[in-house]
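Inspection log for the structure reproduced underneath, given as structure tokens.
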Amino acid sequence: MNRHFTAIFAALAVFAAPAAHAQQPVKIGLIMPYSGQFADAATQMDNAIKLYMKEHGDTVAGRKLEIIRRDTGGVAPDIAKRHAQELVVRDRVDILAGFVLTPNALAAADVSVEAKKFMVVMNAATAIITTKSPYMARTSLTVPQLNETFGSWAYRSGIRKLYTMVSDYGPGHDAEGAFQRGFKEAGGEVVGSVRIPVANPDFFPFVQRAKDLNPEAMYVFIPGGAQPAAFGKALVDLGIDSKKTRILGQGEITEENALKAMGDAALGLVTAFHYDHNHKSAANAKFVSAYNAAWGRNPDFFSVGGWDGMHLIYEALKK
Numbered sequence: 153m154n155r156h157f158t159a160i161f162a163a164l165a166v167f168a169a170p171a172a173h174a175q176q177p178v179k180i181g182l183i184m185p186y187s188g189q190f191a192d193a194a195t196q197m198d199n200a201i202k203l204y205m206k207e208h209g210d211t212v213a214g215r216k217l218e219i220i221r222r223d224t225g226g227v228a229p230d231i232a233k234r235h236a237q238e239l240v241v242r243d244r245v246d247i248l249a250g251f252v253l254t255p256n257a258l259a260a261a262d263v264s265v266e267a268k269k270f271m272v273v274m275n276a277a278t279a280i281i282t283t284k285s286p287y288m289a290r291t292s293l294t295v296p297q298l299n300e301t302f303g304s305w306a307y308r309s310g311i312r313k314l315y316t317m318v319s320d321y322g323p324g325h326d327a328e329g330a331f332q333r334g335f336k337e338a339g340g341e342v343v344g345s346v347r348i349p350v351a352n353p354d355f356f357p358f359v360q361r362a363k364d365l366n367p368e369a370m371y372v373f374i375p376g377g378a379q380p381a382a383f384g385k386a387l388v389d390l391g392i393d394s395k396k397t398r399i400l401g402q403g404e405i406t407e408e409n410a411l412k413a414m415g416d417a418a419l420g421l422v423t424a425f426h427y428d429h430n431h432k433s434a435a436n437a438k439f440v441s442a443y444n445a446a447w448g449r450n451p452d453f454f455s456v457g458g459w460d461g462m463h464l465i466y467e468a469l470k471k
């Protein structure tokens with residue numbers, strides 16, 4: 153058996169033994185950016201967690217689940233690590249979970265290793281994250297798996313020269329490297345690239361820089377939350393016509409809030425992603441309907457990461 157999964161099962165076994173813990177709750181510490189520019193991402197994920205527990209009950213294998221929430225306020229690895237330490241030592245949680253953002257997940261991984269605690273990453277998508285703790289599982293995606301194929305597709309679709317624009321942190325670096333690799337290996341040319349500060353960026357000057365080079369296309373990677381809508385506004389303000397300059401990106405830039413900000417300027421954008429609420433499957437239709445009934449909006453990729461993460465936890469506790 154793979155040593156990574158052996159370690160996960162060992163961590164689960166510590167709190168799954170019914171004789172030792174029959175009356176004790178299973179404590180899950182959620183570490184997410186409940187405030188700041190990524191607050192909506194945490195809200196969407198947490199809404200799905202609440203919905204899963206409502207539909208499946210708050211007791212699994214005879215043990216009640218207790219959720220403890222901690223706010224990082226944004227990209228804050230030091231805060232995330234401190235929260236993880238306090239959750240383990242003071243609150244005595246059995247599982248660390250959530251993790252919208254890569255830097256925070258990487259910081260908490262150290263605590264997972266030291267305390268031998270099961271850790272469920274429900275979004276953060278830098279490829280290396282799961283190598284940092286043998287007690288970790290992820291219920292989202294990795295950035296490279298989408299973007300290398302997307303880069304080769306861009307060339308096959310007729311684009312020969314493009315500009316890349318990514319957020320300057322782990323997932324952005326992953327996206328830039330994977331997309332450029334796929335595009336170049338197919339025969340394309342990258343005419344320029346820029347990395348944008350991940351904290352409170354002003355997209356206008358970066359989009360202007362790309363526009364000045366008049367590329368056939370722009371590839372964009374930015375995190376979810378408030379940023380896609382702000383990026384969309386920059387496209388509108390600068391008069392970028394996606395029919396003339398094709399805009400490609402990971403699915404965050406066409407999430408509902410971003411589309412509302414862009415209006416007709418979003419027409420022609422092409423994105424690749426692992427989830428969309430319009431997916432035509434019976435399971436997804438049921439999920440979307442229940443989510444709308446509970447929260448009055450559609451789920452997004454943060455939501456499905458939270459839902460799948462809770463499903464993983466519930467099923468693991470049953471073993």
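Note that my numbering numbers the sequence shown so that position 215 is 367, with each residue one more than the last. Even glycine gets a Cβ: it sits at the ideal position worked out from N, Cα and C.
Could you tell me whether the Cβ atoms of residue i and residue j are closer together than 7 Å?
{"i": "Thr-316", "j": "Tyr-371", "result": "yes"}
{"i": "Met-205", "j": "Val-252", "result": "no"}
{"i": "Arg-347", "j": "Val-318", "result": "yes"}
{"i": "Gln-446", "j": "Leu-203", "result": "Here the sequence assigns Ala to residue 446, which means Gln is not the residue at that position. Against a cut-off of 7 Å, the Cβ pair of Leu-203 and Ala-446 comes out as a contact."}
{"i": "Ala-213", "j": "Lys-432", "result": "no"}
{"i": "Leu-293", "j": "His-426", "result": "yes"}
{"i": "Leu-387", "j": "Ala-417", "result": "yes"}
{"i": "Ala-236", "j": "Val-265", "result": "no"}
{"i": "Gly-420", "j": "Ser-455", "result": "no"}
Taking residue i and residue j to be in contact with their CB atoms under 8 Å, please state how far apart those CB atoms are, rounded to whole angstroms.
{"i": "Pro-349", "j": "Thr-254", "result": "Rounded, the Cβ-Cβ distance is 15 Å, inconsistent with contact."}
{"i": "Ile-247", "j": "Met-462", "result": "Actually they do not touch by this definition, with Cβ atoms about 10 Å apart."}
{"i": "Gly-457", "j": "Met-197", "result": "6 Å"}
{"i": "Leu-258", "j": "Pro-229", "result": "7 Å"}
{"i": "Leu-239", "j": "Gly-329", "result": "With a Cβ gap of about 33 Å, Leu-239 and Gly-329 do not count as contacting."}
{"i": "Glu-384", "j": "Ala-410", "result": "Reading the sequence as shown, one finds Gly at residue 384 and not Glu. Rounded, the Cβ-Cβ distance is 5 Å, consistent with contact."}
{"i": "Gly-376", "j": "Glu-404", "result": "4 Å"}
{"i": "Ile-281", "j": "Ala-261", "result": "7 Å"}
Tell me, which residues are paired with residue i by DSSP?
{"i": "Leu-314", "result": "Val-342, Ala-369"}
{"i": "Met-288", "result": "Met-271"}
{"i": "Gln-189", "result": "Answer by DSSP bridge pairing: none, since Gln-189 is not bridged."}
{"i": "Ile-348", "result": "Ser-319"}
{"i": "Thr-211", "result": "Lys-216"}
Would you give the residue range spanned by the beta strand (DSSP E) that residue i belongs to?
{"i": "Val-178", "result": "178–184"}
{"i": "Thr-423", "result": "422–424"}
{"i": "Arg-234", "result": "Looking at the DSSP string, Arg-234 is not in any beta strand (DSSP E); the run it does join, the alpha helix (DSSP H), is 229–241."}
{"i": "Gly-401", "result": "398–402"}
{"i": "Asp-460", "result": "Per DSSP, Asp-460 belongs to no beta strand (DSSP E); it is in the alpha helix (DSSP H), 453–470."}
{"i": "Gly-250", "result": "247–250"}
{"i": "Arg-449", "result": "Here Arg-449 belongs to no beta strand (DSSP E), and DSSP marks it neither H nor E."}
{"i": "Arg-221", "result": "215–223"}
For residue i, report the span of its alpha helix (DSSP H) as first-last.
{"i": "Leu-411", "result": "408–414"}
{"i": "Lys-432", "result": "No alpha helix (DSSP H) contains Lys-432, which DSSP labels as neither H nor E."}
### Query
Using 8 Å as the threshold, is the stretch 311–318 in touch with the stretch 283–295, meaning 3 or more CB pairs across them?
By the criterion of at least three beta-carbon pairs nearer than 8 Å, the stretch 311–318 is not in contact with the stretch 283–295.
### Task
Check whether the stretch 220–237 touches the stretch 178–193, taking contact to mean three or more Cβ pairs, one atom from each stretch, closer than 8 Å.
Taking a cut-off of 8 Å for Cβ pairs, the stretch 220–237 and the stretch 178–193 touch, as three or more such pairs fall below it.
### Task
Check whether the stretch 298–306 touches the stretch 324–342, counting contact only when three or more Cβ pairs, one atom from each stretch, lie closer than 8 Å.
Touching, yes.
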